[in-house]
Each structure stands twice: as structure tokens, then as C-alpha cells.
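First up is the structure itself, then whatever we jot down about it.
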Amino acid sequence: MSASAVRPATVAPVGRRLSWAIVLPLAWVALVAFLAVTADWLPLPDPAAQELILRRKPPSTTYLLGTDNLGRDMLSRIIYGGRTSLIVGICAPFFGFLIGGAIGMSAGYFRGKVDLLAVGFIDILLAFPTLVLALTFVAYLGQSLFNVTLALGILSIPAAARVSRANTMAWANRDFVLAARTIGASNWRILTREILPNVLPAMFAFWLVAVSVIIVAEGALSFLGLGIPAPQPSWGGMIADGREALDVAPHTALIPAAVMFLTVLSLNFLGDMVRNLVDPRRSSL
Amino acid sequence: MHWLARQVLRLAVVLFCVTLLTFLIVNILPGDVATAILGGLATPEDLAGLRADLGLDRPMLVRYFDWLGSALSGDLGRSHRSGEPVAQAIADRLPVSLQLMIMAQVIAIGIAVPAALLSVRRPGGLFDRLSASTAFGFLATPSFMLGILLIYLFSVTLDLLPATGFSPMSEGLWANLESMILPALSLGLIEWTVLMRVLRSDLLTTLKEDFILLARAKGLPPWRVLLQHALRPSSFTLITVIGLNIGGLIGGAVIVEQIFALPGVGRLLLGGIFNRDLILVQGTVSFIAAGFVLVNFLVDMLYAVLDPRVRHVRFRS
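Going down the list, the protein sequences come from chains A and B.
Following this note's numbering, the numbering of the first sequence begins with 4 at its first residue and continues without gaps.
Following this note's numbering, the numbering of the second sequence begins with 9 at its first residue and continues without gaps.
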């Protein structure tokens with residue numbers, strides 16, 4: 004018997020939920036992702052090319068979203084910045100969930116000393132305000148796309164471990180796990196074949212939420228000047244740059260802010276939807 | 009009492025691990041402090057001399073326990089940039105950060121409680137849906153973005169409030185509040201959303217209880233049922249969430265202090281990071297983490313005082 008056949012009984016019908024509240028966020032995220040992936044082949048100016056005479060120009064037909072403080076094309080920078088946000092936003096939680104998931108599942112399955120150790124470890128990581136820990140990590144690892152991703156990935160370990168631990172505990176005492184154990188399946192086999200498929204949906208829903216949290220965190224790091232290093236565009240960095248010209252060229256800060264807002268809002272919408280599908284009990288919150 | 013002793017022991021262990029971890033991050037990770045301070049042109053002798061001055065040539069654990077020993081007596085060392093004692097630097101800037109966080113929290117609670125109460129009067133009604141969507145919108149707004157928008161709206165466009173800078177209390181209460189209101193709003197306007205959602209959900213659960221039915225049957229007006237009967241038993245989760253969110257608030261405060269140029273602990277930490285001021289960063293991060301752990305500990309205690317059932321359920325595991 005495959006464990007993946009065991010599913011929560013009350014999955015809400017999907018068709019009813021396909022309203023504009025789902026289509027619009029999905030379309031926006033798809034657009035941002037599509038542009039981020041195809042940016043190199045699109046007829047865009049170099050996002051780092053400066054044209055100082057044309058700095059802080061408002062949106063026009065040549066520069067659809069205007070130019071920034073150094074006369075760089077905002078549209079191009081927004082699209083390449085989206086690439087940065089998506090790379091960090093997708094990879095960091097993935098890394099965190101790989102390690103956190105392994106810790107959480109072992110803790111929830113083996114219990115006892117393993118559990119105690121894992122919970123202690125999580126408690127200590129949680130004892131740091133997230134952003135402060137991220138700042139410290141990045142400052143001492145050095146600023147690069149990889150290090151920012153790594154630091155934010157480490158920070159998503161505790162949350163991932165908690166979700167997977169709670170879910171594993173809920174599944175570990177079910178009859179099909181007992182059945183698997185009775186026919187002599189190894190712990191490794193039970194964890195990967197019986198429990199993992201059941202824990203994955205909850206992890207996926209949580210991962211979606213984590214993506215938007217991490218995009219915000221990356222934005223905050225870049226905003227503070229401790230994220231992705233300078234010439235490479237990042238939405239947070241663009242907002243920080245635009246702050247200096249709020250009085251003369253507000254679009255330099257407001258456009259990246261709007262793009263980031265729409266992306267995070269869309270991801271939150273999608274995350275909520277998936278979480279309601281996976282765990283109907285939480286939908287009231 | 010046995011229970012309390014165990015909690016205190018747990019607190020001590022967490023504090024120990026937290027400071028040790030901070031020490032490890034700051035010391036193990038690549039990037040040589042001596043080179044960072046003296047620059048690339050320094051001679052190897054100079055570098056070795058500075059390392060000896062800073063005690064960097066001794067084994068790490070020895071240095072950690074040295075640091076811990078003095079930290080326990082309130083000495084966090086001296087910044088090797090400014091020469092200022094780190095503990096003094098933190099103490100000087102702490103009031104600003106505390107004021108910021110308290111004002112933000114007051115704003116958040118001041119919006120969240122009325123919004124939740126009005127929402128549950130008619131769940132699914134116009135106000136409920138309106139406040140839910142507003143909350144969802146603010147939830148997608150990072151504090152650094154909100155800070156910029158507030159500056160744009162209130163300083164640049166309306167010219168009502170100063171964009172940056174801090175006026176201490178000594179320059180008058182109004183001048184002080186004027187410089188703090190936008191920073192506090194940048195945090196509070198985001199924080200209330202979480203509180204409102206939690207309180208609303210708990211209120212809805214409480215309103216299904218028998219004693220609420222009784223209160224209604226006695227003919228009490230709806231607002232009295234809400235305020236006097238439903239609010240208190242519904243606020244336990246709210247208190248926990250306020251405690252848990254302080255971590256987010258501290259992170260937010262770092263950003264907001266930077267945006268509005270407020271001389272708080274967050275800005276001290278950022279300055280330390282940019283200047284590679286090892287001892288300053290070590291001291292500030294440890295201080296912030298310890299403060300966060302302590303606040304959560306106190307919230308747990310408060311929770312137990314308010315609801316005695318908790319002592320037997322929550323802390324057993």
C-alpha cells in the first residue's frame with residue numbers, strides 16, 4: 004500500500020476558488036517569473052549601463068518606467084532585480100527546508116533524545132531576531148548572491164523544522180506506518196516512503212509563504228546595503244537608491260516598491276490558497 | 009516553584025548558547041578583523057601587533073569565556089573604532105529604540121483591538137471584509153517600503169512632519185514625538201495586522217461559549233458582552249503573539265532607525281557591521297538576542313499567571 008494514497012478527507016473543491024483573487028496573483032507571479040527567466044533575450048538595455056545626462060527621467064516611451072539616479076533604465080533593472088529576488092526567494096527556503104525538514108522529520112519520528120536536541124537547536128536559532136542574525140551572517144560571510152541565499156536559507160531552518168516535526172508527529176502513529184514497520188520496513192524506508200509523501204503538501208504550502216518572507220528579507224538586506232552587491236539590481240537596493248530623490252523623482256523609489264508589493268501580495272494570496280487546500284482547519288484564521 | 013526553577017534554568021542555557029553562537033559567527037566566519045581595521049597596506053608586524061592587542065591570538069574558547077565573564081559583570085568591552093565602552097554605547101541608544109518599539113506597539117494594539125472588536129460584531133460583514141483586506145495589504149508591505157511611503161506622503165508631499173532626524177525629549181515632548189511618529193507608524197501599521205487576525209479568530213471562538221450566550225440572554229448590550237465578557241478570555245494568544253513578534257519588531261527597528269536616522273541600538277549595530285567593529289557587533293547582537301529571549305520568557309510567565317491551565321499543559325512538553 005502506498006502511503007501517498009492517504010490524504011486529508013476534506014480537500015476543498017478547487018474549481019469554486021478559481022476567482023479573480025487567484026487568477027490575478029497567479030498571472031502577476033507568472034509574468035515576473037517569465038521576465039526574470041527570459042531577461043537575457045529580451046530587447047532590454049543593460050541594467051548597469053549609466054546615462055548620466057538622462058538621469059531621473061520620468062516614464063516615457065523610450066524608458067517605459069523612467070531612469071534612476073544614475074540614468075539606468077528602470078524597467079531593465081526591475082526585471083533583473085526580479086531575477087535576483089526570485090533566485091534568493093526560491094533557493095533559500097529550499098535549502099532551509101532540505102535541512103530543516105530532515106531535522107524536523109527525524110525529531111518527530113524518533114522522538115526522545117533526537118527530539119530534545121533538535122528542539123534545543125531550533126530554540127537557539129529562534130532566540131535571534133531574524134534580521135539581526137541575517138545581517139551578522141552576511142556581514143561576516145561577505146556580500147554575494149550565494150552568501151545572501153545561504154544566510155537566509157539558514158534562517159528558514161527553524162520554521163521548516165517546526166512544520167515538518169509537527170506534521171511527522173501527526174503521521175508517525177498512523178496505522179499504515181505501523182503496518183510498514185510490521186512487515187519489517189527500515190526507519191529510512193518508513194520516513195521516505197510512508198511519511199515524507201504525507202508531510203510534503205504541508206511543507207509545500209509553507210514553502211510558498213516562505214518565498215514571500217524571504218523576498219522581503221532579501222529586500223531589507225539590500226535596502227540596508229548588506230544584500231546583493233551594488234551594480235547588480237535588487238528591488239530593495241532600488242528602493243534605497245530612490246529614497247535620495249523622493250522629492251524630485253519619486254518614481255525611482257515608488258516603482259520598485261509597487262512591484263515588490265504586488266509580488267509579495269500575490270505570493271501571500273497563493274500561499275493562503277494552497278494552505279487552505281492542504282490544511283482546511285487553518286482557513287478560518 | 010519547581011516549574012519556575014526549570015524555566016529559569018532553560019533560560020540560562022538558551023542565553024549561554026545564544027552568546028556562544030554569536031561569538032562563533034563573529035569569530036569563525038571568514039574575514040580577518042585586523043586586516044579590516046588596518047586596511048590592505050598594513051605590514052604583517054602591524055597586523056600581528058593588533059591581533060595581540062585585541063587578544064585574537066588566544067584560543068577562541070578562552071576568549072569567549074573571558075568575554076562572558078566580563079559581560080556578566082556588565083562590561084562588554086570597548087569598540088575598537090571609537091574606544092567607547094560597548095555597554096555605555098548600548099545604554100545611550102537604548103531609550104530611543106525602546107521608545108520606538110513601545111510607540112509602534114501602542115499604535116498596533118490601538119488599531120488591532122478596535123478593528124477586531126468591530127469585525128466580530130458581524131463576521132463576514134462589510135467592516136470585517138474591509139479590515140481583512142486592509143490587513144492583507146499591509147502584511148505585504150515591508151517596513152522599509154512603508155517608511156519610504158510615509159516620508160513621501162507626510163514629509164515630501166504634505167510637508168507635515170520631518171523626514172529624518174531625531175529630537176531628544178530635552179527639546180520638548182512635541183519635537184520628540186514629531187520625530188518619532190513616522191518611524192513608529194512604519195512598524196505599527198504592519199504589526200497590527202497580525203494582532204488583529206489573531207484576536208479576531210480568538211474572539212470568534214470565545215463568542216461561541218456558553219457564558220457569552222448567558223450574557224446575551226441576560227439582555228446585556230452587544231458592546232458590553234464584547235468588552236466585558238469576551239475580550240479578556242480572548243486575549244491570551246494575543247499576548248503570546250505580541251511577545252513572539254518582538255523579534256520582528258527588533259529587526260524592523262534596525263531598518264526604521266536607519267531610514268529615519270534615529271540614534272538607536274539598531275543603527276549602532278549597523279555601524280558596527282559596516283566598520284567591522286568586532287567587539288561592538290558581538291556586544292550588540294548578544295544584547296539584542298538576550299533581550300529578546302528575556303522578553304519571551306516574561307511573556308511566557310505572564311501567560312501562565314493569566315491562565316493557570318497553561319502551567320500544566322504548555323510547559324510539560
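Even glycine gets a Cβ: it sits at the ideal position worked out from N, Cα and C.
Computed from a prediction, not measured in an experiment: that's the story for all the values here.
Asked, Found
"Could you name the residues of the same chain whose beta carbon sits closer than 7 angstroms to that of VAL202 of chain A, not counting the 5 residues immediately before and after it, in chain order?", "MET108, SER167, ASN170, THR171, TRP174"
"Could you tell me whether the Cβ of PRO150 of chain B comes closer than 7 angstroms to any Cβ of chain E?", "Included in the structure are the protein chains A and B, with no chain E among them."
"Distance check for ILE127 of chain A and PHE24 of chain B, CA to CA, integer angstroms please.", "10 angstroms"
"If the cut is a Cβ gap below 8 angstroms, which residues of chain B does ASP126 of chain A touch?", "VAL22"
"Quick one, which residues of the stretch 133-153 of chain A are near chain B if we go by CB-CB under 7 angstroms, in chain order?", "THR133, LEU134, VAL135, LEU138, THR139, PHE140, ALA142, TYR143, LEU144, GLY145"
"Buried or exposed: LEU134 of chain B, going by 16 or more other Cβ atoms within 10 Å of its Cβ?", "exposed"
"Below 9 angstroms on C-beta distance, what does PRO204 of chain A contact in chain B?", "The contacting residues do not exist; PRO204 of chain A stays about 23 angstroms from chain B at best."
"Can you tell me the Cα-Cα spacing of ASP49 of chain A and PHE37 of chain A, whole angstroms?", "18 angstroms"
"Would you mind giving the Cβ-Cβ distance between LEU154 of chain B and ILE110 of chain B, rounded to the nearest angstrom? I have them listed as a contact below 8 angstroms.", "18 angstroms between Cβ atoms; not a contact."
"For chain A, find out if any of its Cβ atoms is closer than 7 angstroms to the Cβ of VAL249 of chain B; answer yes or no.", "no"
"Short check: CB of LEU158 of chain B to CB of LEU190 of chain B, under 7 angstroms?", "yes"
"My output table needs one value for ASP74 of chain B: the three-state DSSP class, helix, strand or coil.", "helix"
"Would you decide whether ALA60 of chain B is buried or exposed? Buried here means 16 or more other CB atoms lie within 10 Å of its CB.", "exposed"
"Looking only at C-alpha atoms, which of A:GLY145, A:GLY104, A:LYS116, A:ALA130 sits nearest to ARG284 of chain B?", "A:GLY145"
"Is it a yes or a no for the stretch 77-90 of chain A touching the stretch 24-41 of chain A, going by three-plus beta-carbon pairs under 8 angstroms?", "yes"
"Residues of chain B with a CB under 8 angstroms from the CB of ARG3 of chain A: which are they?", "Examination of residue 3 of chain A is not possible in this model, given that chain A is present from 4 through 288 alone."
"Which residue marks the beginning of the alpha helix (DSSP H) containing ASP167 of chain B, and which one marks its end?", "First-last for ASP167 of chain B: undefined, no H or E at that position."
"Quick one: what's THR70 of chain A bridged to in DSSP?", "A:ASP76"
"I'd like the span of the alpha helix (DSSP H) that includes TRP31 of chain A, first residue to last.", "23-41"
"Could you pull the DSSP bridge partners for PRO46 of chain A from this structure?", "DSSP, once it has assigned bridges, lists no residue as partnering PRO46 of chain A."
"Answer with yes or no whether the minimum CB distance from SER325 of chain B to chain A is below 7 angstroms.", "For SER325 of chain B, the pLDDT reaches just 36, beneath the cut-off of 50, and the residue's location in the model is therefore unreliable, although a value from the coordinates is still provided. Output row for SER325 of chain B: interface = no."
"With 16 as the cutoff for other CB atoms within 10 Å, does SER325 of chain B come out buried or exposed?", "No answer about SER325 of chain B holds up, because its pLDDT of 36 lies below 50 and its placement is not dependable."
"Does any CB atom of chain B fall closer than 7 angstroms to the CB of PHE209 of chain A?", "no"
"Can you tell me whether ARG240 of chain B is helix, strand or coil according to DSSP?", "helix"
"Which of the three DSSP states, helix, strand or coil, is assigned to ARG86 of chain A?", "helix"
"Please determine, among A:ARG196, A:ILE218, A:ASN190, A:GLY111, the residue with the shortest C-alpha to C-alpha distance to GLY156 of chain A.", "A:ILE218"
"So, is the C-beta of ASP118 of chain A closer than 7 angstroms to a C-beta in chain B?", "no"
"I'd like to know if the stretch 258-278 of chain A and the stretch 252-269 of chain B are in contact, where contact means that at least 3 CB-CB pairs between them fall below 8 angstroms.", "no"
"Going by other Cβ atoms of all chains shown within 10 Å of its Cβ, with 16 needed for buried, is GLU92 of chain B buried or exposed?", "exposed"
"Could you have a look at PRO253 of chain A and say whether DSSP puts it in helix, strand or coil?", "coil"
"Taking Cβ positions only, does ALA140 of chain B come closer than 7 angstroms to chain A?", "no"
"Whole angstroms are fine: how far does the CA of LEU265 of chain A sit from the CA of ILE220 of chain B?", "41 angstroms"
"In or out: ALA116 of chain B buried (at least 16 other Cβ within 10 Å) or exposed?", "buried"
"Going along the stretch 230-264 of chain A in order, which residues come within less than 8 angstroms of chain B, judged by CB to CB distance?", "GLY239, ILE242, ALA243, GLY245, ARG246, LEU249, ASP250, PRO253, ALA256, LEU257, ALA260, MET263, PHE264"
"By the three-class DSSP mapping on this structure, what secondary structure does PRO93 of chain B have?", "strand"
"For the ligand SAH, is there a heavy atom less than 6 angstroms away from the beta-carbon of ALA233 of chain A?", "As far as ligands go, the structure on display features none, and thus does not contain the ligand SAH."
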